[in-house]
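Contents: one structure, followed by commentary.
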Amino acid sequence: MNGKFLALIEAGPACAKYQNAAKRFLSFAFCYGCDPTEPTHFSTPLDTQFFNASTKSAKICASVATKMAPRLFADCGLLLPDNRETICSPNSPVVPHKVWPDCQDHQYVCLDATTTTWYCSNTECGAANTPSGFNDAPCNASRHTCDGVLMFLNDNRAAKPPNYEDYPVEIVDPQLCREEYGEAEAANKCSCMQDPSAAVRSKATLLSSTVVLGITLTIHIAV
Numbered sequence: 242m243n244g245k246f247l248a249l250i251e252a253g254p255a256c257a258k259y260q261n262a263a264k265r266f267l268s269f270a271f272c273y274g275c276d277p278t279e280p281t282h283f284s285t286p287l288d289t290q291f292f293n294a295s296t297k298s299a300k301i302c303a304s305v306a307t308k309m310a311p312r313l314f315a316d317c318g319l320l321l322p323d324n325r326e327t328i329c330s331p332n333s334p335v336v337p338h339k340v341w342p343d344c345q346d347h348q349y350v351c352l353d354a355t356t357t358t359w360y361c362s363n364t365e366c367g368a369a370n371t372p373s374g375f376n377d378a379p380c381n382a383s384r385h386t387c388d389g390v391l392m393f394l395n396d397n398r399a400a401k402p403p404n405y406e407d408y409p410v411e412i413v414d415p416q417l418c419r420e421e422y423g424e425a426e427a428a429n430k431c432s433c434m435q436d437p438s439a440a441v442r443s444k445a446t447l448l449s450s451t452v453v454l455g456i457t458l459t460i461h462i463a464v
C-alpha cells in the first residue's frame, strides 16, 4: 500500500520537499480498507442511476474526496504507471486535471477501453467504454459524479483504494443523503469514509494506519 501511494506521488526530489495537503487526503483513500467502519459503507451503491446496483461501492465522503481533486496536484503532477500491480511497469508524469477532467452536468463519464483514457461525452459511452461498476448514464453535478476526482478515485492505476479494484468508488454527501432518506434510515444508508482526524471514534485503527502513511510521506519529503 505504501509503495503504491509513494509511486503515485513521486515527482522528483524538488517536489518531494513540497508539502501538498492533498497528498494527506489521498493517503486516506489508499487506507480505505483500514477504516474500522468499512463494513458500513462498502455496500450497495446509493446512486443506482449512475452506479450498477448489482455490485458494491466503496463510499468516500465528499469532504474527503474534494480535498484530493486532481487540480490540487497541479504543482508537481503525479506519476502514473501503466499497471500499479507490476513493479516493473512503465510510468509517466501526468498533469492530473488533464487526465481526470471535470465533466459538465449531464455529460457521460467514459473510459476508453483501448487507451485507458478518461473523457467526458455528450452521448452515451457505449458498453465497451463504460467504466467498471458504472451505468452508462449521465452524471449529476450535485452528486459529485461529474467531478474529475471521481475518475481519479475509480482509476485502478491511480487513487482507487488498493484491494478494491473490482468495485466502483462512490462519493457521498452525508447531508444530502440524510435529506433524501431521513434521519431514521440515514444511520444505515449514509455512512462513508471520513477524515479520521475529524471523526470521533472509539477505535484508532484508521488513524494509526494513516499515521503510518503520514510518517512515510514525511520521511519521503525529508529525503
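Going by this note's numbering, the first residue of the sequence shown is number 242, and it counts up by one from there. Note that the Cβ used here is the ideal one computed from N, Cα and C, for glycine as well. Being a predicted model, the structure only gives us computed values, none of them experimental.
{"query": "Residues bridged to residue 359 [DSSP beta-bridge criterion]", "result": "352"}
{"query": "Buried or exposed (CB count within 10 angstroms, at least 16 for buried), residue 412", "result": "buried"}
{"query": "DSSP bridge partner residues for residue 319 (one or two, in chain order)", "result": "335"}
{"query": "Per-residue DSSP class, three states only, for residue 302", "result": "strand"}
{"query": "Distance cut-off 7 Å: residue 412 Cβ against heavy atoms of the ligand PLP", "result": "Judged by which ligands are present, the structure shown has none, so any question about the ligand PLP falls away."}
{"query": "Same chain, Cβ closer than 7 Å to residue 302, neighbours up to 5 away in sequence not counted", "result": "413, 415, 433, 434, 435"}
{"query": "Cβ-based burial, residue 331 [other Cβ within 10 Å; buried from 16]", "result": "exposed"}
{"query": "Cβ neighbour criterion (16 or more within 10 Å) applied to residue 334", "result": "exposed"}
{"query": "Backbone CA spacing between residue 261 and residue 402 [nearest angstrom]", "result": "20 Å"}
{"query": "Cutoff 7 Å; reference residue 443; Cβ partners in own chain excluding five residues on either side", "result": "Because the pLDDT at residue 443 is just 40, under 50, the model does not fix this residue reliably, and the value given afterwards should be weighed accordingly. For residue 443, where only same-chain residues beyond five positions count, there are no Cβ hits under 7 Å."}
{"query": "Outcome for residue 430 when other beta-carbon atoms lying within 10 angstroms are tallied against a minimum of 16", "result": "buried"}
{"query": "Local conformation of residue 442 per DSSP, three classes", "result": "Bear in mind that a pLDDT of 47 at residue 442, under 50, signals an unreliable position, so the number given afterwards is only what the model happens to contain. Coil, per DSSP."}
{"query": "As assigned by DSSP and simplified to three states, the class of residue 326", "result": "coil"}
{"query": "Minimum C-alpha distance to residue 318 - residue among 325, 324, 309", "result": "309"}
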